[in-house]
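Visitor: Everything in the sequence shown is counted per our numbering, starting at 3 for the first residue and increasing by one.
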Amino acid sequence: MTKILILYYSMYGHISALARKVADGANSVDGVEVVIKRVPEIMERSALEQIGAAFEDDVPVASVDELSQYDAIIFGTPTRFGNMASQMRSFLDQTGQLWLAHGLVGKIGSVFTSTSTGSGNETTITSFHTTLLHHGMIICGVPYSVEALSDVSEPRGGSPLGAGYLCGADHRKPMTKAEVAIAEGQGRHVALIARKLHG
Numbered sequence: 003m004t005k006i007l008i009l010y011y012s013m014y015g016h017i018s019a020l021a022r023k024v025a026d027g028a029n030s031v032d033g034v035e036v037v038i039k040r041v042p043e044i045m046e047r048s049a050l051e052q053i054g055a056a057f058e059d060d061v062p063v064a065s066v067d068e069l070s071q072y073d074a075i076i077f078g079t080p081t082r083f084g085n086m087a088s089q090m091r092s093f094l095d096q097t098g099q100l101w102l103a104h105g106l107v108g109k110i111g112s113v114f115t116s117t118s119t120g121s122g123n124e125t126t127i128t129s130f131h132t133t134l135l136h137h138g139m140i141i142c143g144v145p146y147s148v149e150a151l152s153d154v155s156e157p158r159g160g161s162p163l164g165a166g167y168l169c170g171a172d173h174r175k176p177m178t179k180a181e182v183a184i185a186e187g188q189g190r191h192v193a194l195i196a197r198k199l200h201g
């Protein structure tokens, strides 16, 4: 059985919603087991409440030690000025021993993101790739066989680099059909590649 971890940080709930669509795509592939987890919150609750971001998430918190158990990890993070969120960065900064042990070498790594205006969508993913490459992971994006990538009929997130959710400056824009299709396509593509390599 090929094991896939979807690991994310979500401040307002957009990445959490997108993670479930990625999981739907991965789960559509036979012989794959999908686990969804999140990284720990490092901000004080009072600070989160002050910015209206105290998102309640009952998804279990991952540990660094368990990462090597998976054949593929699909990471989700909101963009922070073109980079990953500090919560995700903090978690990855704790993977030094895993790096020394070559624990992620040869595993699939993939990234999805959300932004309010679209700015920083791709740089967040490409800068994230640097960490995955240091771990020896095989980068996987979204191929243009996912037809929604060619749909430009309305504003949306997502690119060949990874799925995206363009949630609007007020964080209220619903996910588009194309964004859902790209997220599902990413999950399915990663699952198929992981099954070929590790199944």
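Every residue gets a Cβ at the ideal spot worked out from N, C-alpha and C, and that includes glycine.
What is the rounded straight-line gap between the Cα of Gln89 and the Cα of Val41?
Guide: Using only the alpha carbons, I get a separation of about 7 Å.
Visitor: Just curious, the alpha helix (DSSP H) that Phe93 is in, first and last residue?
Guide: Per DSSP, Phe93 belongs to the alpha helix (DSSP H) from Ser88 to Leu94.
Visitor: CB-CB under 6 Å to Ser70, same chain, minus the five flanking residues each way: which ones, in chain order?
Guide: Closer than 6 Å at the Cβ level, and outside the excluded window around Ser70, lie Gly105.
Visitor: Buried or exposed for Arg47, going by 16 or more other Cβ atoms inside 10 Å?
Guide: Arg47 should be labelled exposed.
Visitor: With a Cβ-Cβ cutoff of 8 Å, do Asp153 and Ala185 count as a contact?
Guide: It is not a contact, given that the beta carbons lie outside the stated cut-off.
Visitor: Beta-carbon separation of Ile141 and Ala74 under 8 Å?
Guide: No; because the gap between Cβ atoms is not below 8 Å, this pair is not in contact.
Visitor: Can you check which of these residues, Gly120, Ala150 and Ile110, is closest to Met135 by C-alpha distance?
Guide: Note that residue 135 is Leu in the sequence shown here, rather than Met. For Leu135, the nearest C-alpha among the options comes from Ile110.
Visitor: Going by Cα to Cα distance, which pick from Asn29, Val36, Ile17 and Thr81 is closest to Glu202?
Guide: Nothing in the structure corresponds to residue 202, since the chain is present only between 3 and 201.
Visitor: Near Phe93, what residues of its chain come up, given a Cβ to Cβ distance below 6 Å and the 5 sequence neighbours on each side ignored?
Guide: Only Val41 meet the Cβ criterion.
Visitor: Looking only at its chain, what residues have a beta carbon closer than 8 Å to the beta carbon of Ala55, apart from the 5 residues adjacent to it on each side?
Guide: Same-chain partners within the cutoff: Met13 and Tyr14.
Visitor: Look up Pro80 in the DSSP assignment and give the residues it is bridged to.
Guide: Answer by DSSP bridge pairing, in chain order: Ser116.
Visitor: So, are the CB atoms of Leu100 and Val66 less than 8 Å apart?
Guide: It is a contact, given that the beta carbons lie within the stated cut-off.
Visitor: Using beta-carbon positions only, say whether Pro162 and Gly189 come within less than 8 Å of one another.
Guide: Result no, Cβ atoms of Pro162 and Gly189 do not sit closer than 8 Å.
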